[in-house]
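Enquirer: Numbering (this note's numbering), first residue to last: 1 to 470.
The beta carbon of each residue, even a glycine, is placed where N, CA and C say it ideally should be.
Input: one structure, supplied below.
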């Protein structure tokens, strides 16, 4: 049988750390002992010492304790605690964890030091959440478990009335869905998203995502100004958002062509916003976990007055806090087929999403959508055409499937026939530039999700392409 993800990571850590920890002959050390069977981690740490009592092991040949933890749904759970299986001495007496993706590991040199993980200190009171770290040992029959739990108390969405708000113009009206309006909030033009009672959970989800993002003030992410209940519609909830007068990317591209500089600016800013969304960020006193958007389309991207792209509409987004193995046929909403069909990745269309590393799979599904949006942007760049004349805007796959493609039609075209947007025949002013651009687009929508660029890499490619160094 193959090793689990946790086993492989621990094996890698033991191998790599063996190159840096000094080898000595020692009298031994006592370490906390734990093997998390529920996570399918069966690395035999109990073989590297003598069991003293449940939850403790004496390491005869090492002065090092080892610990490996993973984040599952916001909780830090131990996977493996035990002896470092080498004749070695650790440099730190404390368990100061190193993070690799959603997992933490440490090596430490005092008795039971791996029972006390010390996370990097942050001004917790300013995080808009309280983090309580509790270490406790529970006895179940003759077995004890060592558990480390981080409990996050997230802000619940506000329900107080939003005062000072005036509705100016309805943008989208539907009694059964989210209503969009242009409004004024204390003298400032805003967009109002109004959620009916049936969509309260969607309101809560989008508020949660926006509250994580807005505190970091990224110019390529829509800004949340206010949230709360409506004073003019009973049991309706509002998100008050910054207004972008140029509207959606689709509307902009329908009405405007661009030169190379503007197209580059739009493409790079879109990739930059997605890279930020996918990133795991500590900035001063604020933490933002990775987030997958899951519904990128030219209707959900806004355009600023200076032609920068801004990502919006986070109702289907999901916070990625810890990789976990999902079972096939799971009903977890994070991996269900959601979003705009036309922009959906092949692995979402045919249900072949990687359930072992589903968080990475969701971000790479976003990158597929990014590639399609980049094609839409550059298709309206007149500098790329030999006659300096860009054709009318078409959403991706409009020519092949028409305005309302079905799931079956998309599965046939995208999954079975592996079709992607076509290189415009009249792109030809700069063969080298066009070739580099097209390679970037193809690397975003590669059929193999693991072979696709990351959003950050796409941003770097576009930046280098648009700003070549002499």
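Using the DSSP secondary-structure output, state which residues sit across from residue 170 in a beta bridge.
Expert: For residue 170, which the question treats as bridged, DSSP gives the partners 181.
Enquirer: Pick out the complete beta strand (DSSP E) segments inside the region 272–302, 3 residues or longer, and give them in chain order.
Expert: Whole beta strand (DSSP E) segments, 3+ residues: 281–283 and 286–288.
Enquirer: Let me know the secondary structure DSSP gives residue 34 once reduced to three states.
Expert: Residue state, collapsed to three classes: strand.
Enquirer: Report the residue ranges of all alpha helix (DSSP H) runs contained in full by the region 394–427; include only those spanning at least 4 residues, in chain order.
Expert: Counting whole runs of 4 or more residues, the region 394–427 contains the alpha helix (DSSP H) stretches 398–401 and 407–410.
Enquirer: Quick check: residue 209 and residue 369, are their CB atoms within less than 9 Å of each other?
Expert: No, the Cβ-Cβ distance between residue 209 and residue 369 is not below 9 Å.
Enquirer: Measure the Cβ-Cβ separation of residue 423 and residue 445 and say whether it is below 9 Å.
Expert: No, these two residues do not count as a Cβ contact at 9 Å.
Enquirer: Straight-line CA distance for residue 82 to residue 29?
Expert: Near 10 Å, if we compare the C-alpha coordinates of residue 29 and residue 82.
Enquirer: Taking only three categories from DSSP, how would you classify residue 69?
Expert: Three-state DSSP puts residue 69 in a strand.
Enquirer: Thinking C-beta only, is residue 243 closer than 9 Å to residue 191?
Expert: Yes, they are a contact pair.
Enquirer: Could you please give the first and the last residue of the uninterrupted beta strand (DSSP E) stretch that includes residue 49?
Expert: Taken as a continuous stretch (DSSP letters only), residue 49 belongs to no beta strand (DSSP E), as it is neither H nor E.
Enquirer: What does a CB cutoff of less than 6 Å around residue 362 pick up in its chain, not counting 5 residues either side in sequence?
Expert: Closer than 6 Å at the Cβ level, and outside the excluded window around residue 362, lie 292.
Enquirer: Can you tell me whether residue 232 is buried or exposed? The criterion is at least 16 other CB atoms within 10 Å of its CB, across all chains shown.
Expert: Classification of residue 232: exposed, given that the 10 Å Cβ count is below 16.
Enquirer: Tell me which residues share the same chain as residue 109 and place their Cβ nearer than 8 Å to its Cβ, disregarding the 5 neighbours each side in the sequence.
Expert: Once the five neighbours on either side are set aside, the close Cβ partners of residue 109 are 29, 63, 64, 65, 89, 90, 91, 92 and 93.
Enquirer: Roughly how many whole angstroms lie between the Cα atoms of residue 239 and residue 195?
Expert: C-alpha separation (whole angstroms): 8 Å.
Enquirer: Is the number of C-beta pairs between the region 211–227 and the region 260–279 that are closer than 8 Å three or more?
Expert: Because the criterion of three Cβ pairs below 8 Å is met, the region 211–227 and the region 260–279 touch.
Enquirer: Let me make sure I understand the geometry here. Which of 340, 357 and 395 has the alpha-carbon closest to that of residue 406?
Expert: The option with the nearest alpha carbon to residue 406 is 340.
Enquirer: Give the range of the alpha helix (DSSP H) segment to which residue 360 is assigned.
Expert: Start and end: 358–378.
Enquirer: So for residue 435, helix, strand or coil by DSSP?
Expert: Residue 435: helix per DSSP, three-state reduction.
Enquirer: For the alpha helix (DSSP H) that residue 457 lies in, which residues bound it at each end?
Expert: From DSSP, the alpha helix (DSSP H) with residue 457 extends over 455–466.
Enquirer: When we look at the beta-carbon of residue 235 and count the other beta-carbons within 10 Å, is it buried (16 or more) or exposed?
Expert: So residue 235 counts as exposed.
Enquirer: Quick check on DSSP: helix, strand or coil for residue 91?
Expert: Note: residue 91 maps to coil in three-state DSSP.
Enquirer: Please classify residue 454 as buried or exposed, where buried requires at least 16 other C-beta atoms within 10 Å of its C-beta.
Expert: The residue in question, residue 454, is buried, as its Cβ has 16 or more Cβ neighbours within 10 Å.
Enquirer: What three-state label does DSSP hand residue 56 in the structure shown?
Expert: Residue state, collapsed to three classes: strand.
Enquirer: Taking the alpha helix (DSSP H) that residue 99 falls in, what are its first and last residues?
Expert: Looking at the DSSP string, residue 99 is not in any alpha helix (DSSP H); the run it does join, the beta strand (DSSP E), is 98–100.
Enquirer: Taking the straight line between their C-alpha atoms, what separation do you get for residue 161 and residue 391?
Expert: Between residue 161 and residue 391, the C-alpha separation is close to 47 Å.
Enquirer: Where does residue 451 land, buried or exposed, given buried means 16+ other C-beta within 10 angstroms?
Expert: Residue 451 should be labelled exposed.
Enquirer: Sort 181, 352 and 245 by Cα distance to residue 309 and report the nearest one.
Expert: Among 181, 352 and 245, the Cα nearest to that of residue 309 is on 245.
Enquirer: Closest to residue 27 by CA distance: which of 47, 58, 33 and 53 is it?
Expert: Of 47, 58, 33 and 53, the residue nearest in Cα terms is 58.
Enquirer: How far does the alpha helix (DSSP H) with residue 221 in it extend, from its first residue to its last?
Expert: Residue 221 -> no alpha helix (DSSP H), and no H or E assigned at all.
Enquirer: With DSSP as the reference, identify every bridge partner of residue 227, one or two as the case may be.
Expert: Beta-bridge pairing links residue 227 to 239.
Enquirer: Who are the near neighbours of residue 434 in its chain, counting only those whose CB is closer than 6 Å to its CB and skipping five residues on each side?
Expert: For residue 434, where only same-chain residues beyond five positions count, the Cβ hits under 6 Å are 427.
Enquirer: From this set, 203, 48, 170 and 56, which residue's C-alpha is nearest residue 184's C-alpha?
Expert: Here the closest residue by C-alpha is 170.
Enquirer: Short of 7 Å in beta carbon distance, which residues of its chain neighbour residue 411, apart from the five on each side in sequence? Order them along the chain.
Expert: Only 349 and 350 meet the Cβ criterion.
Enquirer: Any idea what DSSP makes of residue 62, helix, strand or coil?
Expert: Of the three classes helix, strand and coil, the one that applies to residue 62 here is coil, per DSSP.
Enquirer: Have a look at 311, 295, 260 and 307 and flag the residue whose alpha-carbon is nearest the alpha-carbon of residue 301.
Expert: Residue 311 is the option with its Cα nearest to residue 301.
Enquirer: What residue does the beta strand (DSSP E) around residue 117 start on, and which one ends it?
Expert: Segment: none, residue 117 is in no beta strand (DSSP E) and carries neither H nor E.
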